[in-house]
Amino acid sequence: MNVLVTAGPTREPIDPVRFISNRSTGKMGFAVAQAAAEAGHSVTLIAGPVSLPTPPGVRRVDVTTALEMLAAVERELPACEIYVSAAAVADWRPETCAPTKLKKNVMDGVLRLVPNPDILKTIRPLKGARRFVGFAAETGEPTAEATRKLREKGLDLIVANDVTTPGAGFAVETNRVTLFFPDGRREALPLLSKHEVAQRLIECLQSL
Ligand code: CTP
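The structure is reproduced here in structure tokens:
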């Protein structure tokens, strides 16, 4: 199958030297791309700014902002059967990006933000027979938020975790996740390497 994966954070510029972003390192999304390629799928990985090598056999498209990621997803979606949205897309961006470095004596301490599009919701009308998978990284027990996002984003599966659990946060090699399905089924996985989580996810997708 053709699998499209997004990974990493997005970066929203304030001026040529500053940005807002988040703590995503891209490890989970890159592990999904690698596991899908190892399982014999044809994989395109749309990556935000991360310092990770491209997994063997994976076609990589680099982007910086949420708007660039949305444009890349819209371009690549028609050719894919499975879309795995593992990126930590910034929900907000500065209203304007200053063309030159903002000097502290001209800043009034207020940074105006505007909402970024929700990529999954934007492409939902194009879903057709495709399978969509989301991620929900929460601080606290994730069930309520995971089931809300599964429903609101029209997903076939959501991978949820509590990033405050030891071994399940950012920049670590492991994760402890629960898979939630639209029929109410759920599968809680033990603490595993991100590669093992990705392998289990790909197995699930093959049987969806
Ligand atoms: N997502 C997306 N576009 C966005 C934000 C999120 O496609 N602008 C996707 C993520 O890739 C993930 C899922 O939506 O698969 C859930 O992301 P999350 O940040 O947890 O959810 P939000 O919709 O941003 O909700 P909230 O801020 O209320 O937690």
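Using the numbering used here, read the sequence shown as starting at 2 and increasing by one per residue.
Glycine is no exception: its CB is placed at the ideal position from the N, C-alpha and C atoms.
Simplified DSSP state of Glu204, which is helix, strand or coil
The residue labelled residue 204 in the question sits at position 203 within the sequence shown. In the structure shown, Glu204 sits in a helix (DSSP, three-state: H, G or I).
Figure out for me which residue from Glu69, Ser86 and Leu192 has the closest Cα to the Cα of Phe31.
The residue given as residue 31 occupies position 30 in the sequence shown. Checked all of Glu69, Ser86 and Leu192; the closest Cα to Phe31 is Ser86.
Output the boundary residues of the alpha helix (DSSP H) element that contains Phe20.
Translated into positions along the sequence shown, residue 20 becomes position 19. Note, Phe20: premise wrong, no alpha helix (DSSP H); beta strand (DSSP E) at Arg19 to Ile21.
Leaving out five residues on either side along the sequence, give the residues of the same chain with a beta carbon under 7 Å from the beta carbon of Ile120.
Along the sequence shown, read from residue 1 onward, the residue named residue 120 stands at position 119. These residues qualify, in order along the chain: Met70, Leu71, Val74, Ser86 and Val90.
Helix, strand or coil at Arg24 according to DSSP, with G and I counted as helix
Residue mapping note: residue 24 aligns to position 23 of the sequence shown, counting from 1. It is coil, neither helix nor strand.
Determine the DSSP secondary structure at Phe31, reduced to helix, strand or coil.
As a first step, residue 31 is located in the sequence shown; it is residue number 30 there, counting from the start. Three-state result, Phe31: helix.
Neighbourhood of Glu188 by C-beta, 6 Å cutoff - its chain only, sequence neighbours within 5 removed
As a working mapping, residue 188 is identified with position 187 in the sequence shown. Cβ within range, chain order: Leu180.
Residues in its own chain within less than 8 Å of Thr166 by CB, not counting five upstream and five downstream?
Along the sequence shown, read from residue 1 onward, the residue named residue 166 stands at position 165. Correct list, in chain order: Arg177.
Based on Cα-Cα distance, which residue from Val6, Arg24 and Ala137 lies nearest to Asn162?
Numbered from its first residue, the sequence shown carries residue 162 at position 161. Ranking the options by Cα distance to Asn162, first place goes to Ala137.
Distance, Ser25 Cα to Lys104 Cα
Along the sequence shown, one-based indexing puts residue 104 at 103. Along the sequence shown, one-based indexing puts residue 25 at 24. Going from the Cα of Lys104 to the Cα of Ser25 covers about 29 Å.
Can you tell me which of Thr175, Leu53, Ala38 and Pro17 puts its alpha carbon nearest to the alpha carbon of Ala8?
For the purposes of this step, residue 8 is taken as residue 7 along the sequence shown, with counting starting at 1. Answer by Cα proximity: Leu53.
Tell me the rounded alpha-carbon separation between Val64 and Thr45.
Taking the sequence shown and counting its residues from 1, one reaches residue 64 at position 63. Taking the sequence shown and counting its residues from 1, one reaches residue 45 at position 44. So the two alpha carbons sit approximately 13 Å from each other.
On the CB-based measure, 16 or more other CB atoms within 10 Å of its CB, does Lys122 come out buried or exposed?
The residue given as residue 122 occupies position 121 in the sequence shown. When all chains shown are included, Lys122 counts as exposed.
Put Ala72 into one of helix, strand or coil per three-state DSSP.
For this step, residue 72 is matched to residue 71 along the sequence shown. It is helical.
Could you give the DSSP three-state label for Leu121: helix, strand or coil?
Here residue 121 is taken as the residue at index 120 of the sequence shown, counted from 1. It is helical.
Integer Cβ distance of Pro10 from Thr101, believed to fall under 8 Å:
In the sequence shown, residue 10 corresponds to position 9, counting from 1. In the sequence shown, residue 101 corresponds to position 100, counting from 1. Contact doesn't hold; Cβ gap of about 25 Å is too wide.
Name the one or two DSSP bridge partners that Val1 has.
A query on residue 1 cannot be resolved here, the shown segment of the chain reaching from 2 to 209 and no further.
Please list, in chain order, all residues of the same chain as Arg201 whose beta carbon is under 7 Å from its beta carbon, the five residues on each side excluded.
Counting from 1 along the sequence shown, the entry for residue 201 is found at position 200. Correct list, in chain order: Leu190.
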